[in-house]
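Numbered per mature numbering (1 follows the signal peptide of the UniProt record, and there is no 0), the sequence shown spans residues -24 to -1, 1 to 320. Idealized CB from N, CA, C, for every residue including glycine.
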Amino acid sequence: MELEQLLSLITVLVLLILISPSSASFAVTNGTDKTREEYAMGQEVVESVVRKLRRSQIFSDDYDFMKRSAYIETKFGSDPLTFRKDFYGGIWQVPELVLKNTKSEKFENYHKKIKTSFEIDWLQIKWSDLVKPLYSGVALRLYLQTRVTSMPQTISKQARLWQQVYDKRDTQSNSKFVSEITEFETNAEKCKGLFDLTILLDGSGSVGEEDYKKSKDFVAELFSTYSNTDVRKSFILFGDDAYMIFSLSNNMTEAELLDTVKTVGYPNQATNTNAGILMAVEMIKESIPRPGIPSIMIIFTDGESNVGDGVSNIKFARDLNVTTFAIGIGAKIDQAELHEIAFN
């Protein structure tokens, strides 16, 4: 693949991450569907439930009411009171009586569709099952069918629906919904296009000096694609050990940053990929946090690690929710190691 094509591909992948950071995983971790896991929580899990409901086409468009109500009620499940003792309403805080109402015969057609789409026999569901996010979401969505014929689209109208659904009788609840949702979505909008980019480059002898120089030029080209205003950038070189060229906390201008990349020499050493990954992870942890901002790590390597324990440290990147890509360089590429990096 030509470098220009590769640059375009990486740009597209980055855009997909920025549009929906959780879309690639669909809230699946280590083979487990988090939407069906007891006490699972988080924005990614909620968004995955909402996607499943929309794709099933069982219900009409909710115009983000499901996501908004999950945020207001439990902060996507992170509120300590979400899974309190003797209450099993889950992320959407569905009362036991509401669940019973959703089992009415008038919902028989919906029950059949739920069985087909999700393999859930709704009449057999217990209240305690609602600690699983998908079940809590389906319960609320079914209940909404009894309250509205068409879903309101504006935040202010959804605030009134939320008051009715959750029986909020105080005078402040409407303004609370509007103000908190407006603030949350405004902050989310500000984060669009922002991300942290960490690049690791293999400087081993097995890569070869010519391919090393080509890769380094490509790294410079990739960095130049994104403004320093929106993207924090870091660059790590690895051979016998790892070498921090510049961290996410650097204060360089774009010209200085690119010049630094271009002037880095060729180590022509061994391949200690694990050291590079660990240095990157520690640097990311020590950087000033930017909540809600995606962190992306791209590793350019031939995959022939011959120092340390392969790329086992990639699990620490996963623990930090860092999205990792592996780009093969050099004449001989170990695809297995690249896959381990990319699918950590």
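| Item | Value |
| --- | --- |
| Is it buried or exposed, residue 108, if we count other Cβ atoms within 10 angstroms and call 16 or more buried? | buried |
| Terminal residues of the continuous alpha helix (DSSP H) containing residue 63? | Run containing residue 63: none; DSSP gives neither H nor E here. |
| Span of the alpha helix (DSSP H) holding residue 191? | 185 to 201 |
| For residue 305 versus residue 182, is the C-beta distance shorter than 8 Å? | no |
| Would you mind reading off the limits of the alpha helix (DSSP H) that contains residue 254? | 249 to 262 |
| For residue 110 versus residue 94, is the C-beta spacing smaller than 8 Å? | yes |
| Whole angstroms is fine: what's the gap from residue 264's alpha carbon to residue 206's? | 15 Å |
| Which residues bound the beta strand (DSSP E) around residue 209? | 207 to 214 |
| Kindly indicate the opening and closing residues of the beta strand (DSSP E) around residue 302. | 298 to 304 |
| So what's residue 219 in DSSP terms, helix, strand or just coil? | strand |
| Hey, residue 35 and residue 117: beta-carbon distance below 8 Å or not? | yes |
| With distances taken between CB atoms, is the gap from residue 247 to residue 282 smaller than 8 Å? | yes |
| Since I believe residue 174 is in contact with residue 251 (beta carbons under 8 Å), could you give me their beta-carbon distance rounded to a whole number of angstroms? | Rounded, the Cβ-Cβ distance is 14 Å, inconsistent with contact. |
| If you run the structure through DSSP and keep just helix, strand and coil, what is residue -4? | Note that residue -4 scores 44 on pLDDT, short of 50, meaning its location in the model is unreliable; the coordinates nonetheless yield the value given after this. Here residue -4 sits in coil by DSSP. |
| Put residue 24 into one of helix, strand or coil per three-state DSSP. | helix |
| Which same chain residues, not among the five before or five after residue 254, have their C-beta less than 6 Å away from its C-beta? | 289 |
| Apart from the five residues on each side of it in sequence, which residues of its chain come closer than 8 Å, Cβ to Cβ, to residue 163? | 268 |
| Would you identify the three-state DSSP class for residue 277, choosing helix, strand or coil? | strand |
| If you scan the region 49 to 118 from start to end, which runs of the alpha helix (DSSP H) of 4 or more residues do you find wholly inside it? | 72 to 77, 84 to 94 |
| Which residue wins for smallest C-alpha separation from residue 40, given the options 33, 82, 27, 50? | 27 |
| Buried or exposed for residue 142, going by 16 or more other Cβ atoms inside 10 Å? | buried |
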